[in-house]
Amino acid sequence: MSGAVTPSPAPLQAVRALRRAVAAAAALMAYIAGWAYFVCALFITFDIVARYFLGFSSQATVEVTGYILAGGIAWSLGHTLFRRAHIRVDVFVNRLPVQVRAPLHLFALGLLTALSILIVWAAWELVDESALFNAHDNSALRIEMVWPQGIWAFGISAFVMSCLVLMLEASLALACGEGASLDGLLGSRTLEDETEEALEAVAMAHEGEEPPHP
1 MSGAVTPSPA PLQAVRALRR AVAAAAALMA YIAGWAYFVC ALFITFDIVA RYFLGFSSQA
61 TVEVTGYILA GGIAWSLGHT LFRRAHIRVD VFVNRLPVQV RAPLHLFALG LLTALSILIV
121 WAAWELVDES ALFNAHDNSA LRIEMVWPQG IWAFGISAFV MSCLVLMLEA SLALACGEGA
181 SLDGLLGSRT LEDETEEALE AVAMAHEGEE PPHP
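Structure representation (C-alpha cells):
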C-alpha cells in the first residue's frame, strides 16, 4: 500500500528492545547515584554542625564524600549517554547531510567505546591491585579500597555496556538503511527534543502516569 511504513528488521527491533532495557537499568543507577549525593550532602552538613556546635567530627568527610562523588559520576555515565547529555562540539556536524552525519555519529561513538574499554580495564586492574595488597585508606574509618574502587569500576563497566549496546543498534540501523534514525539515537539534544519531552511529561501527568524514559 502506498505510504505504508516498512517495519524495521527483526534483529534491529530486538537490539532496540535490549537498548531500552539497558537504558532503564542505567536510569536506575543514576537515581541511586543522585540519592547518594543527597545523603552525602546530609553527612557534610551534620559534620559541619557537629564540629562547630558539638565539638566532634567524623574525621572522614573528605574520604567518604570523595568516594561517593567518584562512584556517583561513574554510575551516571550510562544514563547520561542514553539521554544524549554528554557535552559535544557539533557546530559543523549538524550542517552536514544525514548520509554523512550518521556515519560520523557512529565513528564518534566508536572512539568513546574504545576509550571506555581502556578505562574499565585500568579500573579493574586497580581493584585487583588493591585486593592483592589489602589496601586501606588513611582515614579514621580505614576503609578497604576494593569497596569504593569496585563500586566505581562497576559504574564504568555499566557505561561500557551502554556504549556497546548503542554501537550494535547504530551499526544495524546504518546497515539496514535507517541512518536518519541515528540522529535521534546519537545526535546532540535539541530544543525540539526538550520541548517534545516536556509536552509528553505534561500529558502523562494529566493522565496520572509516569512519563516514559527514552
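Here the sequence shown is numbered in the numbering used here, starting from 1 and rising by one per residue. The beta-carbon is built from N, C-alpha and C at its ideal position, and this holds for glycine as well. Being a predicted model, the structure only gives us computed values, none of them experimental.
- Cβ-Cβ distances below 8 Å link A70 to P148 and W152 in the same chain, with the five nearest sequence neighbours on each side left out; the list follows chain order.
- The beta carbons of L172 and L12 sit closer together than 8 Å.
- Collapsing the DSSP output to three states places H105 in a helix.
- By the criterion of a C-beta distance shorter than 8 Å, M29 is surrounded in its chain by W75, S76, G78, H79, G155 and A158, once the five residues flanking it on both sides are discounted.
- Around the CB of Y67, 16 or more other CB atoms lie within 10 Å, so the residue is classed as buried.
- Per DSSP, the beta bridge partners of E144 are H136.
- Between L182 and H105, the CB-CB gap stays under 8 Å.
- DSSP places A14 inside the alpha helix (DSSP H), whose first and last residues are A10 to V49.
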